Amino acid sequence: MAKIKALIFDMDGLMIDSERLYFDVERQIARRYGREVRDETLWRMMGRKPVESLAIFVRELGLPLDPAEAVKIRNDLMRERMKEDLRPMPGLSSIIDSFYGRLKLAVSTGAPQEFLDIAVEKLGIRDKFDVLLASEDIQHGKPDPEIFLRTCERLGVRPCEAIVLEDSENGVVAGKRAGSTVIAVPSEYTRGQDFSQADFVAADLFEAGKFIQGLMRRSATSN
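So the sequence shown is numbered by our numbering: it starts at -17 and just counts up by one.
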């Protein structure tokens, strides 16, 4: 087992309770056009680059928009929601404090840089992370592994030396394709997704932290 050197966090639904906000906003947009959006559509959108995500939304709902227009509409609504109603997921402070200074820490999100900046500033955690990677930094969103490969490159570690924390099936698939150990922490919005590829499925970030401690002990003794 490779020595563990880095811990990579997804953001939406993993660090912050933003999937709730995205789902609300996307349902609001659908209703503007007399549509209802199924959970399965919202699940497929998770973790992807914004334009890829909204392309699914527009296509499956048959909206009279192009994906770029839909991105702007969603971003305008999300910007206000995040500023007024941003909440950390349970255990976030605990897991960051447990591994800060022991592992290199990164955030790899399919969200735009603007939303990543809002989150880390509101939570006061920017200085805890060595790398912050947003959708503008990549060509292909999850489940493509590009975002995790780029993050590992910037951290100066091999993908097999990194643990990825994800709340969505797309993110889990991307992390495994990159060659990392992946811990799934499903949220109430993603529990129905397929996490069979994850190395471990945790109930919350507290349990994920305990599992990582065990992995670090095992990797230390095997090297």
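Beta carbons: idealized from backbone N, C-alpha and C, even for Gly.
As the structure is a prediction and not an experimental result, all values here were calculated from the model.
(request) Please determine, among Arg26, Ala37, Lys104, Leu74, the residue with the shortest C-alpha to C-alpha distance to Arg63. (result) Lys104
(request) Might you give, ordered along the chain, the residues of its own chain that have their beta carbon closer than 7 Å to the beta carbon of Ile(-2), omitting 5 neighbours on each side? (result) Excluding residues within five positions, the ones whose Cβ falls inside 7 Å are Leu68, Arg69, Pro70, Met71, Ala101.
(message) I'd like to know whether the C-beta atoms of Val7 and Leu45 end up nearer to each other than 9 Å.
(response) no
(request) Using 10 angstroms around the beta-carbon of Gln121, count the other beta-carbons present and answer buried if the total reaches 16, otherwise exposed. (result) exposed
(message) Checking the sheet assignment: what are the DSSP bridge partners for Thr163?
(response) Ile145
(request) Rank Tyr4, Ala(-12), Ser204 by C-alpha distance to the C-alpha of Asp(-6) and give the top, closest one. (result) It is Tyr4.
(message) If distances are taken between C-alpha atoms only, which option among Leu131, Asp79, Glu1 comes closest to Gly157?
(response) Leu131
(request) Compute the Euclidean distance between the alpha carbons of Leu74 and Leu187, then round it to the nearest angstrom. (result) 6 Å
(request) Output the distance between the C-alpha atoms of Tyr171 and Glu1, rounded to the nearest integer angstrom. (result) 7 Å
(message) With three or more C-beta pairs closer than 8 Å as the rule, is the stretch 26 to 38 touching the stretch 123 to 137?
(response) yes
(request) Drop a sphere of 10 angstroms on the beta-carbon of Lys(-13), count the other beta-carbons inside from all chains shown, and report buried for 16 or more, exposed for fewer. (result) buried
(message) Helix, strand or coil for Ile(-14)? Go by DSSP, reduced to three states.
(response) coil
(request) Starting from Ala88, follow the beta strand (DSSP E) in both directions and report where the run begins and ends. (result) 86 to 90
(request) Look at the Cβ atom of Glu22, then the Cβ atom of Arg9, and state whether they are nearer than 9 Å. (result) no
(message) In this structure, how does DSSP classify Tyr82 when only helix, strand and coil are distinguished?
(response) strand
(request) Give the C-beta separation of Gly153 and Asp(-8) to the nearest angstrom, bearing in mind that I take them to be a contact with Cβ-Cβ under 8 Å. (result) 5 Å
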